[in-house]
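This report concerns only the one structure given below.
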Amino acid sequence: MRSLRCVLMTVLLAMCGFASGPVLAESLNGSSQHLMMTLVAESDHPKAGAPLTIALATTPEKGWHGYWRNPGDAGFPATFDWTLPTGAKAGDPEWPVPTTLLIAGLMNYVYEAPYVPLVTIQVPAGLAAGTKFPIRLKTSYLVCSATICVPEEKALSLDLTIGDGAPSQAAAFAGWRQAIPKPLDSGATYAASNGSMRIAIPFPASAKADKAYFFPVTTGAIENGAAQAVTRDGDRLTISTKVAANAKVGGPIEGVLRIGDGQGLGVKAVPGAVADTGEPAASGESLWLTALIAFAGAVLGGLILNIMPCVFPILSLKALSLARGGASEKDARGEALAYTAGVVLVCLGLGAAILALRAGGSAVGWAFQLQHPAAIVVLLLLSAAIAFNLAGLFEVPTPRFAGESGASGAFATGALAAFIATPCTGPFMGAALGAALVLPWPAALAVFGGLGIGLSLPFLAIGFIPSWRRWLPKPGVWMETFRHILSVPMFLTAIALGWVLGRQTGADTLTLALIAVLAVGVVLWIGGARQRKGKAFGGVAQILLLAVFVGSAVLIARAPVSAKVATAGDEAFTEARLASLRAEKRPVFVYFTADWCLTCKVNEKAAIDTAGVRDAFAKNKVAALIGDWTDGDPVMGRFIQAHNRAGVPLYLYYAPGAAEPTVLPQVLTPGLLEGLGA
2 MRSLRCVLMT VLLAMCGFAS GPVLAESLNG SSQHLMMTLV AESDHPKAGA
52 PLTIALATTP EKGWHGYWRN PGDAGFPATF DWTLPTGAKA GDPEWPVPTT
102 LLIAGLMNYV YEAPYVPLVT IQVPAGLAAG TKFPIRLKTS YLVCSATICV
152 PEEKALSLDL TIGDGAPSQA AAFAGWRQAI PKPLDSGATY AASNGSMRIA
202 IPFPASAKAD KAYFFPVTTG AIENGAAQAV TRDGDRLTIS TKVAANAKVG
252 GPIEGVLRIG DGQGLGVKAV PGAVADTGEP AASGESLWLT ALIAFAGAVL
302 GGLILNIMPC VFPILSLKAL SLARGGASEK DARGEALAYT AGVVLVCLGL
352 GAAILALRAG GSAVGWAFQL QHPAAIVVLL LLSAAIAFNL AGLFEVPTPR
402 FAGESGASGA FATGALAAFI ATPCTGPFMG AALGAALVLP WPAALAVFGG
452 LGIGLSLPFL AIGFIPSWRR WLPKPGVWME TFRHILSVPM FLTAIALGWV
502 LGRQTGADTL TLALIAVLAV GVVLWIGGAR QRKGKAFGGV AQILLLAVFV
552 GSAVLIARAP VSAKVATAGD EAFTEARLAS LRAEKRPVFV YFTADWCLTC
602 KVNEKAAIDT AGVRDAFAKN KVAALIGDWT DGDPVMGRFI QAHNRAGVPL
652 YLYYAPGAAE PTVLPQVLTP GLLEGLGA
């Protein structure tokens, strides 16, 4: 689709040129000044049987540019039709190192300053001195400015005489040859996997590489417009970028490595092992600053998670347990630290899993486990069990959870709160976790740990600040009523997880999950009846609960997946559709969501799907694309990752003609969206 997009763009640009009749007519009769071109021979008297180098000295008009042998995402390469004496043969042009020009997301390889391709002509043997040697060239090419592209043709001629081959333009040709990439003596290798391409090029550690960039000669191998990361590891330079869409790698890849202004190396890479050298080196100061900002954002984002309906009941019960138990200063601090340890360890574990999976090539992000039905059903049963506990159906046996005192109960409660909070991505979290994914792994884990610290801060403060505990209400009968009230958001959480499961896997799997919930409820009711008679919950009941949890997860993981329920409303996001809308110069609003993302659903209900926003979109002709990441589509995951986000929600606005999108806040308002495109 991207190739089709580039072809269409080139055709449209060419049509724009044909639409300007006077300009085109001027170029076809040879009088155009957009691209001045002259043939220059290295020797005015070439020697019979010897090679002769011809230069195509080319100067673009100010504000215009010509194209390299691989024009990039738009344009087309020049063609050369030589008319030579019998027996003479022209080789392929040798092109100087080009420059990059990014327009509307399309990467072009161009020349905006004078440039000189060189062509070698083999002069036939047996020609007598004084023999005329006429050279004729008809070349067709595209020349563009910032607003228009014009296809041009030129007829060039050069009349030489066979002689001794003495150079006539030695100094000029010496300078022009300096701009031609030198062939690399040692072989390069490349490795492509999961949409990423790494090209390892032998390059002395002592040599300087300024503005290193890989220009592909082999088309369709790498994504031309993708960023290129450059790393140095001893006598090797590695280019990391993206594989082109629908690329068929496996053969050699040729290109030019720029190592300075007008300097390059011709590279031919074959498939082979390429060791990962890590991320490009950054200054220590900028790295620390990025890490500190991401850490602060994670702490703030984690703090906000405490008001989510699946976390707030657990936090409230733990806070009230301190008031009810009249814990000493030592015990209160011990529980606060244990709760914090449980939260932070789970966040670190999830962060480590994300980093490990991404290192293996998977495009996973925050809450990645919710892309798997088995994980959802475990969370569903856990939420239902907590809700039944809050409703008074039973008391949680050892190990103690929400509402029970002691360090072990606090630790388990913290771990539970962190695990249940994973479907949520609040303000500040998205940017912080996105930054974590590009930091070295120790700094990245620190950011995930910061998320845990933020989530545990309220209980940590209550445990260490006595005055805060004194503000808590005094124990009484009201606490039991409050506990029953807190069961409501937990039941709602369970219902929401059931809805997500049904959306992902269909009604059959949802029915199986509801049967499991019913089984859990029955076991808990039996255990609760024993507790009300003064007996223990029972080891048999605990074994049955464990069996229901494990058995349900296994059965649902193996169940056939039904067709996913289609998302009604906005057009589904694809990169091809986005490119098409941008080519039409339409403003585009893209929102990435998931059924398990609470923040996403709140934004959609409160802002995106409101009548005022939809009317404004229609009035301003704003196209809306929805990217549903519920199932963890890897292609969509890589697109989200490219915008420095670790998960959803992600909201992007593409203004007409803008090179890059505007990343909108993670909490949307109708007023913000109504102003798009105005």
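Note that the numbering used here has the sequence shown beginning at 2, numbered continuously upward.
We treat Cβ as the ideally placed atom computed from N, Cα and C, and that holds for glycine.
In this text the structure is predicted, and so the values were computed from the model without any measurement.
Label residue i either buried or exposed according to how many other C-beta atoms from any shown protein chain fall within 10 Å of its C-beta, with 16 as the threshold for buried.
i: residue 74; result: buried
i: residue 667; result: buried
i: residue 636; result: exposed
i: residue 135; result: exposed
i: residue 497; result: buried
i: residue 66; result: buried
i: residue 35; result: buried
i: residue 299; result: buried
i: residue 47; result: buried
i: residue 30; result: Residue placement at residue 30 is flagged as unreliable, the pLDDT there being 35, under the threshold of 50; the coordinate-derived value follows with that caveat. With fewer than 16 other Cβ atoms within 10 Å, it is exposed.
i: residue 678; result: buried
i: residue 165; result: exposed
i: residue 665; result: buried
i: residue 591; result: buried
i: residue 84; result: exposed
i: residue 243; result: buried
i: residue 1; result: Residue numbering for the chain in the displayed model covers 2 to 679; residue 1 lies beyond these limits and cannot be assessed.
i: residue 26; result: Caution is warranted here: a pLDDT of 32 is assigned to residue 26, below 50, making its placement in the model unreliable, and the coordinate value is therefore given only provisionally. Per the 10 Å Cβ criterion, exposed.
Taking residue i and residue j to be in contact with their CB atoms under 8 Å, please state how far apart those CB atoms are, rounded to whole angstroms.
i: residue 259; j: residue 209; result: With 8 Å as the limit, residue 259 and residue 209 do not qualify as a contact, their Cβ atoms being about 12 Å apart.
i: residue 315; j: residue 418; result: 5 Å
i: residue 462; j: residue 309; result: Between residue 309 and residue 462 the Cβ distance is about 18 Å, and since that is not below 8 Å, they are no contact.
i: residue 385; j: residue 495; result: 5 Å
i: residue 340; j: residue 457; result: 6 Å
i: residue 334; j: residue 464; result: 5 Å
i: residue 102; j: residue 660; result: Not quite, the Cβ-Cβ distance comes to about 11 Å (not below 8 Å), so this is no contact.
i: residue 317; j: residue 487; result: 6 Å
i: residue 344; j: residue 415; result: 4 Å
i: residue 143; j: residue 196; result: That pair is no contact at about 30 Å.
i: residue 454; j: residue 303; result: 7 Å
Of the choices the options, whose alpha-carbon is the least far from that of residue i?
i: residue 216; options: 71, 678, 470, 411; result: 71
i: residue 336; options: 350, 192, 460; result: 460
i: residue 520; options: 503, 551, 580, 502; result: 551
i: residue 622; options: 317, 585, 175, 671; result: 585
i: residue 234; options: 207, 638, 42, 530; result: 207
i: residue 55; options: 68, 69, 40; result: 40
i: residue 116; options: 162, 180, 53; result: 180
i: residue 393; options: 547, 528, 332; result: 528
i: residue 201; options: 272, 168, 165, 218; result: 272
i: residue 51; options: 146, 101, 121, 37; result: 121
i: residue 515; options: 580, 387, 381; result: 381
i: residue 444; options: 123, 502, 356, 68; result: 356
i: residue 204; options: 193, 185, 583; result: 185
i: residue 525; options: 239, 163, 383, 471; result: 383
i: residue 38; options: 156, 124, 145; result: 156
i: residue 332; options: 409, 290, 274; result: 409
i: residue 218; options: 296, 98, 297, 230; result: 98
i: residue 178; options: 544, 506, 263; result: 263
i: residue 608; options: 588, 42, 676; result: 676
i: residue 198; options: 140, 229, 641, 588; result: 229
i: residue 503; options: 472, 638, 374; result: 374
i: residue 123; options: 106, 140, 194, 42; result: 42
i: residue 583; options: 518, 669, 654; result: 654
i: residue 158; options: 138, 506, 441, 329; result: 138
i: residue 106; options: 226, 513, 571; result: 226
i: residue 377; options: 250, 596, 441; result: 596
Quiz item: Between the region 110-117 and the region 58-71, do at least 3 Cβ pairs fall closer than 8 Å?
Solution: Verdict: yes, contact present.
Quiz item: For the 8 Å Cβ check, are there 3 or more pairs between the region 185-196 and the region 258-275?
Solution: Using a C-beta cut-off of 8 Å, the region 185-196 makes contact with the region 258-275, since at least three inter-stretch Cβ pairs fall below that distance.
Quiz item: Can you give, in chain order, each stretch of the beta strand (DSSP E) that sits fully within the region 33-74 and has at least 3 residues?
Solution: For the beta strand (DSSP E) assignment, the uninterrupted runs of no fewer than 3 residues enclosed by the region 33-74 are, from N- to C-terminal side, 36-42, 52-61, 67-73.
Practice problem: Identify every run of the alpha helix (DSSP H) within the region 100-183, keeping only runs that are complete inside it and at least 4 residues long; order them along the chain. | Solution: Under the rule that a run must span 4 or more residues, the alpha helix (DSSP H) segments found entirely inside the region 100-183 read 171-179.
Exercise. Could you tell me whether the region 609-618 touches the region 628-642, using the rule of 3 or more Cβ pairs below 8 Å?
Key: Contact between the region 609-618 and the region 628-642 is absent, with fewer than three C-beta pairs closer than 8 Å.
Quiz item: Three or more beta-carbon pairs under 8 Å between the region 163-179 and the region 247-262, yes or no?
Solution: Counting C-beta pairs with one atom in each stretch, the region 163-179 and the region 247-262 have fewer than three that are closer than 8 Å, which means they do not touch.
Quiz item: For the 8 Å Cβ check, are there 3 or more pairs between the region 438-453 and the region 347-355?
Solution: As far as the Cβ criterion goes, the region 438-453 touches the region 347-355, which means the pair count is three or higher.
Self-check item: Sufficient close CB pairs (3 or more, under 8 Å) joining the region 92-104 to the region 228-243
Solution: Contact fails: fewer than three Cβ-Cβ distances are below 8 Å.
Self-check item: Inter-stretch contact at 8 Å, needing at least 3 Cβ pairs: the region 149-157 / the region 118-135
Solution: With the cut-off at 8 Å, the region 149-157 and the region 118-135 do not touch.
Exercise. Say whether the region 646-656 touches the region 595-612, bearing in mind that this needs 3 or more beta-carbon pairs closer than 8 Å, one atom from each stretch.
Key: These segments touch.
Quiz item: In chain order, which beta strand (DSSP E) runs of at least 3 residues are fully inside the region 209-286?
Solution: Counting whole runs of 3 or more residues, the region 209-286 contains the beta strand (DSSP E) stretches 214-217, 230-233, 237-243, 254-261, 264-272.
Quiz item: Taking the runs of the alpha helix (DSSP H) that are 4 residues or longer, which of them lie wholly in the region 578-641?
Solution: The qualifying runs are 599-604, 612-621.
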